[in-house]
Structure formats: structure tokens, C-alpha cells
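Okay, so the sequence shown: first residue is 0 according to numbering that gives the first Met the number 0, each after it adds one.
Step one of this worksheet: look at the structure below.
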Amino acid sequence: MTVDFRDYFWGEKNNGFDVLYHNMKYGLVASKELAEFLRERSNIEENNWKLVSKLAKQASSSCTQGTFGPLWVLLRTTAEKLATLHLQMVQKVSDLVKEVTKYADELHRKHKTVKEEEGSTLEVVQAIQSTSITLQKARDAFTQKGIELDKLKKESASAREVEKAEQKLKKAQDEYKVLIEKYGTIKEEFEKKMSLACKRFQEVEELHLKQMKDFLTTYAELAECNHDSVGQVHIEFKRQCLEMTVEKLLEQFVLNKYTGLEKPVEFTGVMEVESVADVVSASDAGKVTNTGTTPSNNQSSIKREGFLRSRRDKRKEKKGKKKKDAPQDNTSNKEEKSDTEEKEEPAKSKTPTPEVDDEGYCVRPKVETWDIDKGSSFYSSSDSDSDDEREKKIRVEIKPLSNGSGPMSASVDELRATVENLSLSPIGNMPPRRAAAAANTHMKRSQSVSQQIGGKAIGDMTRALNTTQSPTGSSASTPTGNHPYAPLQSPTPPITSANNKYADLGDIFAEVGDMKSNPLQKRQSSTPTSISSTIIPRPPSRKSEGGVRSPVPSQDGIEFRASGILLGSSRGPSPLTIGMADTIPLAIAFHEMIHSFFKGTDENKCQVKLCGDMMISFPAGIVTILTNNPSPAQLSFRLQHASNLECVLPNKQLLNVSSEPSSASSWEDSVYEFDMSALTKLLRRQSEENPSASYFNVDILKYQIKPKTGAESCPLQLVTYWKCEKNHTDLRIDYKYNSHAMHLPSPLLNLNIVVPVEGTVTNIHTRPTATWVPDTHRALWKFTELSHHSERNGVGSLRARFEVADGPGDPTTIAAQFNCEGTTLSGIDFVLVGSGYRISLVKRRFISGKYVCDGRHAEAKTRYSTPSNPDC
């Protein structure tokens, strides 16, 4: 039942206007109270964010050294994700509060305007109310006078009294008649103005309720989205906990903390000093023989001297102090004994008592020289005989600052760059086992160097995913004009020749070969190979408004590329400090494109082609860790929700597929593993080419999506009706927003619909208003967005009449351009396999490619007839 205020707000007391006016004021109160409610919800989310952030900080400060360490990292990551979701909810609800507050201010001003405009109605209402009261009093007075006259007549009063009563009755009757006439005039004006006021109040209330319901719908969507995101974080946390088995935790602990694989050497009994020296010399000689050289016995003695030298020095220092306090005869006996031992073991080097300087520091004793025979030194570069002894000295000299030098003022960026470039090299002149130990130490020391990521990491990463990818594979670090997802600016040029009308469409819908003819190899080589199938090329650069767009060039192969993104060299401090044992954050981007060709009014004849690519973004700060790590964690992933994919083509230079999919439903079963050496080389090369880049993007996957029946895969469905006459050309375009074509409903942005018109156009009439471009003979409709929240749920028509001087013309091909953010057509997702990495950002979008609708295929009976209103 349709409610009309004009049927319900009358009555004897005429209070309808007052009721409607106060109801309008209650709407303003409701909007303010809704803003307070949403503000309180924002405060709750902010408190949750603070508490969960505190929990994440507690998890990060927990001990991560034991076998439970990786689980602490998982707890910290989960808490950080939840805190981020709560913070996003705070921001979104705060934005909604701003919108409600702004609406309340506008509503207050609107109420003032309504009050001023309805002032005359209020006066009429007050007039009819007062007139009604006066009329009722006059009616009562007239009735009373009549009763008094009848009473006097019944009582046989004097003629004079009867005459006076008759005069009073006549006077009351005259006053009553005048008020009745006045009431009739006021009543007519009251009904007229009250009807208009009821209509206006109803319009105000309808708009108010619609806006308030929109606010509530937005709030419900925000709450639902936040709830789903929190649930997804919990599901991911549970999955990672299940994947982190006890065996994996023990394996990680062993790999990170193992101390060696060789067990201690067994000793069978006590040996003489000479035998021990011979055994040690033989053992050391045998070990060095594997490298191709045979060191002398002197080297082995030096080796024994260097083992745990610091402890021996400490013990001998204590002995030296005791010797000073001991009697002289004991000292002489010990010296004689030491001299005897020295004579018996000439090959053994002495370790004298350390000397102490004036400041209390130990003076390093002079190391005995090494006797090097001919060819016995591992690093010897001389072939001549030499019995001379060489001394190995380590001299350290600390020089004070000069008087004229100023204080050091290195910037934080310079110090950070210096720390990031530190590289500990193994000592060269060491025996093989010590060299290996030094190399292992170098590796572990390199792992502990912190890498600082920029403070605006997520924002820079988002911009990196939106930055230009050069079609030639160059690693351009600045945006260029041929960005494949640039804003839609230039409409499609008119097609005048029937021969080349569908030439570009043939490149799309009649490709050379079939993408399914290239099965994925189980272990693909990193050498690039040509692929016979053709992926739909990206659209060319859009020029300025009114320019001509060049046709899309065909490509014979699929091109993968990596580009460095120059986002500024300033990278401030960040709380995120990543070491070798921490998980590395990655950003994933899904870019998809849809090509569609509508033929007349039959949607079953619609031809659709959908394709996309997936890209990973590595922050530059993490590239340093990844390239310096000799054994980085294996990066592997799977595709989720990939059952509707028709073909998947990985980057053979970087990816290996664990198992070849047998059918389209098994795309999700395949595990894609990165060739870490190739990835490391690629990132190192990109870092060298663009040292100031903040992020590096790498294309890893291209895929083609199976279209649905007819136009079901098209997010924007089009039908055109033409009527071409001698003096004019009539056109109607029916459009429909189809949310079922995409994974998650999202509005189509920057929608442009371009209509080329044949003939010399002298005048146009359009509804809604379109822009006429005389240079290219095209009409252009522009819409900011199209969704279910648009008028009529995204369904409508575009009408136009073009007055032509040299008609009749022919129907032309209509083109549409749009983009959509935050969702994809395929709905596929990226899932990491294993540990060591985490996903910090996922970017999803799709755009229109060749999106055209041709009126030539429409039947004659469905052609659009002349509209009833010639002005459209």
C-alpha cells in the first residue's frame, strides 16, 4: 500500500501540520544520535586495536630462541593482523561518522529552508484554528439566543422583551453568517496549502529515511566485512598452527642451532709425549692432504698453541701471580724443570707469562716464528728454498681525532646504508676446518644484521603495485603513459570500413593455437622458451581527451618482466625489523582484463574472453636479505578457487611446478616453487639497475578464465537499438550492472560509453546529457560509478537523437571502458606453502579491454522506433 500524507493529517483540531513539522525535527535528532552511536562504536574498535596491539607487543617481546620460537612469531603476526583490522574498522567507521555529521548539518539547513517556505502555511493553519474556535463560539451564542427567545414566548413575556430578544438573535445570526463565510474562504486556502505541505514533508521524510538506511547498510557491510576478515585471520592462524608440526619445529631448531656433526675422538690409553706429537702431526697432515698440501710439524704445534689460548693465558697468568709469591727456591726449581722440558720437546712453542702494562692491560706475548720448508705452506707463492722465519704480527693503533677536525655528523640514512652493506668475510690464512668455521660464522653474523623497512611500507607497496609495467620488459622506475590500467580517457575511434571493422576483434577471439596445447612441465627449466599461444595484449596508452587510440598490437609470445619502482630514496625508520629468521612480507597483485563483443539483442551470441596475471612485489629492504642469504627459505604457493581457470602459464624462468595438472579442477592441487637462485639473481640485477627503488615487481603467472554462458561473465551488459533515417539517427542503449560476473560485488568506476555517428551531425538531443566530440564525430557518456546502489539498481537506458545533414547513416560499433577495484572476475587467491614468508598486502582489480556492442546484428523488428518526445 502506498502511503500518502495528504490522506492522514487533517482532523477537527487541524494539528496535522504541527505533527509533520515536529516529525521532521525528530529526523535531525535521529541523525545526530546515529552519529553518536557510530562514534561510540569507533571508540570500541580503537580500544580493541590498542589492546590487541599490546598483545602483539607482548608476543614480540617473548623469547624466540627455543623450539617454540616460530610459534611466537605466528602469534605475533596474527595479533598484528587483528590489530590492523581493528584499526581499519576505526578509520572506516570514523569516515562514516563524518558523513553522518555532514548530513546532519545539511539536514538542519534544509529544515530551516522548509520552515521559511512553509511560513504561509503555518499562518493559514493558525488562522483556521482561531476561526474555528470563534465560529464555534458564535454558533453557541446564536443557539443560546434562540433558546432564550423561545423561553420568553412560552412564558408570555411582554412584547418589548420579546422584541429585544429577537434583535439579539438576529445580531448573533448575522455574526454567525459572517464567520461561516470567512471560515469557508480560509478552509479552501488551508486545504490547498496543507496538501502541498504534506507532499513536501513526505518527500523530506522519504529522502531522510533513504539516506539513513544507506548509512545503516554501509555500517552493516563494514561490520560484516570486518567480521569475515577476523574470521579469515583465525582460520589462517589455525591452518599455520596445524602445518607447524612438532617435527617441523624440531627441524627448524636443528637447522638454526646445530653445533656440529662429528662426535669426539676416542682415546684408548695414555701415550708418551713424543707419540702424542707424532699422532697429532699425522692427523693434521692427513686432514690437510685433502686440499693438496702437506703442512709441516711446526704448523701443527702452532695449531695446538692457538686452541683455547685465552683460557691457557688466564691460567698461566694466575700461575704467574702465584710464582711471584712463592719462595725463590721453588721458582728456581720450576725454571729448571721448564728448561728441561724445553730441551726435551724442542718442537713445542713456549707460552710465557703475560706481562701487564701500567694501565692494567695484558701485553700480548710475541709469537714464535714459523719454520716454513720448501713448498710446505698452503698459501706459499714462492718456489725458492727459504729457511728464514716469518713473523705474524697483529698491530692495532688507535689514533685520536685531530684538533682541527669537526665532530662526526653522519646521517641516519648513511649509517643505515653502511650497516646494510656490512659483509663479514672469512679469514684467508686459516686451516681448512677453521676456515669452514669462519665461513659458517660469517653466514650467521650476516643473518643477524637488521634491515630497516620504510615507515610507509604498506602505502608504498600499494603504489608499487599500481605503477607502470613497461610492455617491452624494461625496468622503468617511473610511471609512463602506457600504463595498462591507466584511467579511461580516450574513447574508441569510429570504424568506417566494413572490411577492417572486426580486425582487432579477430586478434582477440581468433588466436593462433590453443593455450591448452602447452602442458606445464613437471620441472621447468629456467631458460626462457617461446610460447605459441597468444595472451590478449594489454591496451595501449590513452592520450588526451578527443585523441585517437591506436589499435592493440598482436603478440606472438607471453612476456614476463620485473621492474624496479622508484618511489623516492627517503626511507624513514620502521618498527618492522627483519632478520634471517623472521618471515618476509610479500605483496600480491591480481590484474585481470575482460574483452567482450555484444551482437545485437541476443546475449547468447556474445563473445567473451577473460585473462589475468599475478605479480609479487618485494620491498627493497628485503631484497638485501634475500640476496645475501646463501640458503633462503623456499618460496612456494598454491592457487585457491581456481576451478574456473581454463589455462595457467607460469613464468618458466622463475617457477617450477611440482605436479602437472590433469584437469582444470586440479589447478589448486599444483604447487608452484620458485627457483630461488634465479629469483635471487633477478632481484640482485634489478637492485643494481635501480639502487634507489623501494620495491621490485615480478610477474609470475598468467592465466585465462573460462567464460560463462552468453553475457553472464560480463559485469556490464549492453544492448543497442538503431533507427537511421534521412534527417536523423535515433539510438537507445540499454545497460545493466551484473554483480554476478565478479567474485565480490564492487562498483564499476570511470565508466565511459562512446558512440561514433556516421554523417554530418548538426544537432543532438540526449538523455541523460552526453558530450559531443565534433573532431571525432562521437558522443560520450561519462559515469563516475555504476553499482547496485545506483539509480534503478544499475539498470537504465541512454537515448539520443542525432540530426544529420547527409543521412541515412549506418549503425556503428559502440565501445565501453571501465575499471573495478578490490575484486576480480576469477576469484582466485594466492596461498603460501611452507614458512618463512607472509602476505602483507593483496591488490585485486580488473579493467575492460575491447568492450564493444555492434548494432548491425540486431534484427529489423527489434530496431528502436522514434521516441514519443522528439527532444529525448
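Ideal Cβ placement from N, Cα and C applies to all residues, glycine included.
Report buried or exposed for residue i, applying the criterion of at least 16 other Cβ atoms within 10 angstroms of its Cβ.
i, result
"Val760", "buried"
"Thr112", "exposed"
"Ile704", "buried"
"Pro773", "exposed"
"Phe829", "buried"
"Arg159", "exposed"
"Glu757", "buried"
"Gly10", "exposed"
"His107", "exposed"
"Leu215", "exposed"
"Leu249", "exposed"
"Asn13", "buried"
"Phe8", "buried"
"Phe673", "buried"
"Arg777", "buried"
"Phe36", "exposed"
Note down the Cα distance separating residue i from residue j, rounded to an integer number of angstroms.
i, j, result
"Gln90", "Asn42", "11 Å"
"Gln135", "Lys163", "24 Å"
"Ala409", "Ser691", "Confidence in Ala409 is poor, its pLDDT being 44 and thus under 50, which makes the residue's placement unreliable; the coordinate value appears in the next sentence. Approximately 19 Å, taken between the alpha carbons."
"Arg876", "Asp213", "This structure leaves residue 876 out entirely; the chain is present only between 0 and 871."
"Leu195", "Leu715", "41 Å"
"Leu70", "His739", "40 Å"
"Tyr720", "Tyr218", "41 Å"
"His727", "Pro807", "7 Å"
"Val51", "Leu33", "27 Å"
"Val607", "Thr77", "41 Å"
"Val232", "Val72", "15 Å"
"Gly873", "Thr811", "Nothing about residue 873 can be reported from this structure: the residues present for the chain run from 0 to 871 only."
"Tyr257", "Phe67", "16 Å"
"Pro82", "Thr244", "As written in the sequence, residue 82 is Ala, which differs from the Pro given in the question. Distance between the alpha carbons of Ala82 and Thr244 is about 26 Å."
"His207", "Ala799", "34 Å"
"Thr623", "Lys97", "43 Å"
"Leu824", "Lys49", "37 Å"
"Ala588", "Leu831", "14 Å"
"Ala55", "Lys80", "9 Å"
"Val18", "Asp227", "44 Å"
"Glu105", "Ile583", "48 Å"
"Lys725", "Trp666", "57 Å"
"Ile564", "Ser693", "Residue confidence is low: Ile564 scores 40 on pLDDT, short of 50, so the model does not pin down where it sits. Its coordinate-derived value is still stated next. Approximately 6 Å between the Cα atoms of the pair."
Taking Cβ positions, are residue i and residue j nearer each other than 8 Å?
i, j, result
"Phe189", "Val124", "yes"
"Val697", "Ile615", "yes"
"Ser609", "Pro767", "Per the sequence shown, residue 609 should be read as Leu rather than Ser. Not a contact, by the Cβ cut-off of 8 Å."
"Gln168", "Gly183", "Checking the sequence, you will find Leu at residue 168 rather than Gln. Cβ distance not < 8 Å, so Leu168 and Gly183 don't count as in contact."
"Ile752", "Ile732", "yes"
"Ala103", "Leu27", "yes"
"Met193", "Thr120", "yes"
"Ser786", "Gly793", "yes"
"Leu644", "Tyr702", "yes"
"Asp809", "Cys723", "yes"
"Leu747", "Glu711", "no"
"Pro789", "Ile593", "Inspection of the sequence shows that residue 789 is occupied by Ser rather than by Pro. Going by C-beta atoms, Ser789 is not nearer than 8 Å to Ile593."
"Tyr671", "Phe695", "no"
"Arg5", "Lys153", "no"
Using CA atoms only, rank isn't needed, just tell me which of the options is closest to residue i.
i, options, result
"Phe141", "Ala804, Lys170 and Leu33", "Lys170"
"Ala769", "Leu750, Asn628 and His787", "Leu750"
"Glu820", "Thr811, Leu840, Pro744 and Pro755", "Pro744"
"Thr679", "Lys651, Gly709, Glu711 and Pro631", "Pro631"
"Ser669", "Pro649, Lys176 and Ser789", "Pro649"
"Pro618", "Trp666, Ala778 and Ile838", "Ile838"
"Ala29", "Thr100, Asp6 and Arg75", "Thr100"
"Pro755", "Asp729, Lys186, Glu117 and Glu602", "Asp729"
"Glu204", "Glu122, Lys849, Asp3 and Asn627", "Asp3"
Is residue i near the ligand MN, with its Cβ less than 7 Å from a heavy atom?
i, result
"Tyr7", "Only the bare structure without any ligand can be found here, which leaves the ligand MN out of the picture."
Please check if any C-beta of chain D sits within less than 8 Å of the C-beta of residue i.
i, result
"His207", "Given the protein chain composition of this structure (a single chain), no chain D is represented."
Curious, which full-length beta strand (DSSP E) runs of at least 3 residues does the region 755 to 801 contain?
Listed in chain order, the beta strand (DSSP E) runs fully inside the region 755 to 801 are 760 to 766, 770 to 772 and 777 to 785, counting runs of at least 3 residues.
For the region 96 to 139, which segments carrying the beta strand (DSSP E) assignment without a break, of at least 3 residues, lie completely within its bounds, in sequence order?
none
Enumerated in chain order, which unbroken segments of the beta strand (DSSP E) with a length of 3 residues or greater are wholly contained in the region 571 to 633?
583 to 598 and 606 to 618
In the region 670 to 744, which residue ranges form an unbroken alpha helix (DSSP H) of at least 4 residues, counting only runs that do not cross its ends?
Fully contained in the region 670 to 744 are the following alpha helix (DSSP H) runs of length 4 or more, in chain order: 675 to 688.
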